[in-house]
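Undergrad:
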């Protein structure tokens, strides 16, 4: 990811001279459909402005989940939020599925 962010800043400097490369680098390169709803209450695929906004939306969804299910206490650090947006994008696809591999209990 750091190498990609460096390429993104370089491309911004080269092709978008009127943009501040540091401002571009500061904005997370994340898109999701669970932040915004359209006029007909359908999800709108849109960019994430800040991690704080994303954390707020994820906290709301987690609270909704915890109201009707056994409580799931999650720590939403930056990498976890990145993964949630990726998984949500995959699940939104027709027949979307993913194999998640990790250490149990982590």
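Numbering (UniProt numbering), first residue to last: 1 to 106.
Note that the Cβ used here is the ideal one computed from N, Cα and C, for glycine as well.
All values reported here derive from a predicted model rather than from experimental measurement.
Relative to the C-alpha of residue 101, which candidate in 34, 87 and 66 has its C-alpha closest?
TA: Answer by Cα proximity: 87.
Undergrad: Using only CA atoms, which one of 46, 105 and 96 lies nearest to residue 75?
TA: When each option's Cα is compared against that of residue 75, the closest is 105.
Undergrad: So for residue 119, helix, strand or coil by DSSP?
TA: An answer regarding residue 119 cannot be provided, because it is not within the stretch 1 to 106 covered by the chain.
Undergrad: Is DSSP giving residue 71 helix, strand or coil here?
TA: Note: residue 71 maps to coil in three-state DSSP.
Undergrad: So, is residue 32 buried or exposed, given that buried needs 16 or more other C-beta atoms within 10 angstroms?
TA: Under this definition residue 32 is a buried residue.
Undergrad: Quick one: what's got a C-beta closer than 6 Å to residue 9's C-beta in the same chain, skipping five residues either side?
TA: Here the set comprises 21 and 25.
Undergrad: Just to confirm, are residue 54 and residue 81 a CB contact at a threshold of 8 Å?
TA: Yes.
Undergrad: For a test of the three-state rule: what should DSSP assign to residue 16, helix, strand or coil?
TA: Residue state, collapsed to three classes: coil.
Undergrad: Run through DSSP, which three-state label would residue 77 get?
TA: Three-state DSSP puts residue 77 in coil, outside helix and strand.
Undergrad: Secondary structure at residue 50, three-state DSSP: helix, strand or coil?
TA: Coil.
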